Amino acid sequence: MAVRLLSVGVSDLCIGKPALRSLSVSSSTVADALSALKRLNESYISVWSCDHSAPKRKATTADIDDHHQDSAACRCIGKVCMVDIISFLCKEENLLNPESALQDPVSVLLPEASGVIRHLEPSASLLEAVDLLLGGVQNLVIPLPAGTKLQPKPSLKSTFHNDSEYCWLTQEDLIRYFLNCIGLLSPTPNQPINSLNIVDDAGIFAIQYDEPAAFAIPLIAQSHINQTSVALVDEEGRLVGDISPFSFNSCDETVAAAMVTLSAGDLMAYMDCGRPPKDLVRLVKQRLEEKSMVGFLELMEDDLEISSGSCPDSSSSDDESSTGSAQSVRSRGYSARVVHRSEAILCHPWSSLMAVIMQALARRVSYVWVVEEDCTLVGIVTFTGMLRVIRDRLRSMAKAENPNFCPVWIQA
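My numbering applies: residue 1127 is where the sequence shown begins, and numbers increase by one.
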C-alpha cells in the first residue's frame, strides 16, 4: 500500500485545482500585482516569463530534471502576495513616495534566489513532489489535464501558457492528501510531536509586543521565506499573539503605514479587525504627519474615501466590533480573502501529530506554535516537519513491503 501511494502521479492531486492567474514579468508593475490580488481575490498571483517568438513545444522531462526550463516558450518564475508588496513599500527608499514605488516593475518583488517555484510533469510521482517540497521548493507548477481546461472569463487575463493551463501544488495540498489515508501511517499520527523531533526551537522569529512594529519588518520578510510567522511575546517569553505573513492577505497596501508607526501589539490589533479600528487609524495618521510621510498619508486618505470608514475604536465592545473579522467588507481596503485573528494557533509538546495537523489545516496556515502550560513559547512545528515525518514513515513501510523499493531522489 505504501509503495503504491508513493507512486501515485501528481496529476491525481490536480483534480479540481483552479488554473493559475498570472502576470507577465516583462510588462507588469507592482501596482498591477496589487490590483490583481484585490480584483481576483487571490492570496498569490503567479508571475510568468514568456517568449512568444520562440518555437512552441512542450517541455520534456529532461528539461525539468536538468533545470533547462528556459527552452519552453513560457515558464512561471515566481509568485507575488500582499506581504511582498507591503514589505517593498516599507523599504526606506519607498517610504516617502509609495505611489512612485507602485510603478516599479513587478520583478522587484521576486526574490533574487531561484528555486521557490519549480515546473513538474503531471506524470511525476507523489514521492518526487514530496522530495522537492522538502528541498526548498514552495510551489510545484503542473499542467492541468486537457479535459479540465476552462475558458478564462472575459474580465480576467488568460491563464493559458504553452497552450496549456497550469495549477500549483504546495505542502498544504500534500498534507491534505495524506490526511485521507492517515490511518495507514499508524501509530505515527498518534505520537506526541516532541517524540518525533519536529519541534523547532532554533528557527523562531519573535518580538516583544510593545516594541516598534518596524523592528518586525525584516523578521516578517524572513518568516515569509520560511513559511512561518513572527511571535509576539511578553517580558517573560509568553506567547500573546503573532504577525503572520498570511494575515497580510486580508489587508491592503496602507498597512505599510501602520508597520512604520505603531507598536507590534497595536499592529496586530490594526490587522485583526476586518477594517482597522478608528483610534488606531487616527494614531497612524498623526504619526505620519509627525514623520512628514505625506505620500503614505495621501494613500490612507484615498483608501478611507473608497472603503467608507473603519471599524469602531479598538476599545469598543459592541457586537459589530466583536464580529468585524467575520463580516469584513470587501472593498479596495480590507477584504475577506483571509481573516486574521489575534489568537495565535498553538499546541503543546505532548500534542499528537494528528492534532497539530488538523489545527494547521483548519486555519489554513503552515505552522503551529508550541507552548508550555503557562504559554511560554518553546518552539514551532511547520508543514515541512510534518511532511518529513510522513515521508519517512511511508518510506520505511514501503521498504518493509518491498525490499527492492528504491525511492527517486531529486535535487531541488
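No residue lacks a Cβ here, since even glycine has one placed at the ideal position from N, Cα and C. As the structure is a computational prediction, the values presented were derived from the model and not from experiment.
Helix, strand or coil at residue i according to DSSP, with G and I counted as helix
i	result
L1266	strand
C1307	coil
S1542	The chain is shown only over 1127 to 1538; residue 1542 falls outside these bounds and no answer can be derived.
V1464	Unreliable placement is indicated for V1464, whose pLDDT of 38 sits below 50; the coordinate value is still reported in the next sentence. Reduced to three states, the DSSP call for V1464 is coil.
S1349	helix
S1137	helix
G1204	strand
Q1334	strand
V1129	helix
R1120	Residue numbering for the chain in the displayed model covers 1127 to 1538; residue 1120 lies beyond these limits and cannot be assessed.
R1364	strand
E1416	helix
L1221	coil
E1527	helix
E1291	strand
S1211	The sequence given here has Ile at residue 1211, not Ser. I1211: helix per DSSP, three-state reduction.
L1472	strand
P1231	strand
Status (buried if at least 16 other CB within 10 Å, exposed otherwise) for residue i
i	result
T1502	exposed
M1394	buried
N1323	exposed
A1347	buried
G1367	buried
I1243	buried
C1473	buried
R1519	buried
C1293	buried
D1138	exposed
V1234	exposed
N1265	buried
D1500	exposed
S1172	buried
I1351	exposed
M1523	buried
Whole-number beta carbon distance between residue j and residue i, since they are thought to touch under 8 Å
i	j	result
N1375	M1208	5 Å
I1268	C1140	6 Å
E1168	R1147	6 Å
P1231	T1155	6 Å
M1419	L1221	6 Å
R1490	I1471	Incorrect: roughly 10 Å between the Cβ atoms, too far for contact.
I1483	L1270	Contact flag wrong, Cβ pair sits at about 27 Å.
I1355	P1371	As written in the sequence, residue 1355 is Ser, which differs from the Ile given in the question. Between P1371 and S1355 the Cβ distance is about 7 Å, and since that is below 8 Å, they are a contact.
A1340	V1386	5 Å
A1125	I1319	A question about residue 1125 goes unanswered here, because the residues of the chain that appear run from 1127 up to 1538.
F1422	P1224	6 Å
E1291	A1145	4 Å
Test item: CB-CB of residue i and residue j under 9 Å
i	j	result
I1343	C1176	no
L1295	L1131	no
V1410	A1390	no
V1151	I1212	no
Y1396	D1360	no
S1477	V1504	no
A1159	V1129	no
V1069	D1326	Because the chain in this structure spans residues 1127 to 1538, residue 1069 falls outside the shown range and cannot be described.
S1492	Q1297	yes
V1407	S1251	no
L1228	A1332	no
V1256	L1513	yes
Alpha helix (DSSP H) segment containing residue i, residue limits
i	result
A1159	1156-1165
Y1170	Taken as a continuous stretch (DSSP letters only), Y1170 belongs to no alpha helix (DSSP H), being part of the beta strand (DSSP E) at 1170-1176.
R1244	Where R1244 is concerned, there is no enclosing alpha helix (DSSP H), although the beta strand (DSSP E) it sits in stretches over 1243-1245.
L1479	1479-1489
S1150	Counting along the chain, S1150 falls outside any alpha helix (DSSP H), though it belongs to the beta strand (DSSP E) covering 1148-1150.
V1069	Nothing about residue 1069 can be read from this structure; the chain reaches only from 1127 to 1538.
V1381	1381-1385
Residue i, enclosing beta strand (DSSP E) - first and last residue
i	result
T1508	1503-1508
Q1317	Careful: Q1317 lies outside any beta strand (DSSP E) and carries neither H nor E.
V1496	1493-1497
Heavy atom of the ligand GTP within 8 Å of residue i beta-carbon
i	result
E1469	Within the structure as shown, the ligand GTP is missing, as the structure has no ligands at all.
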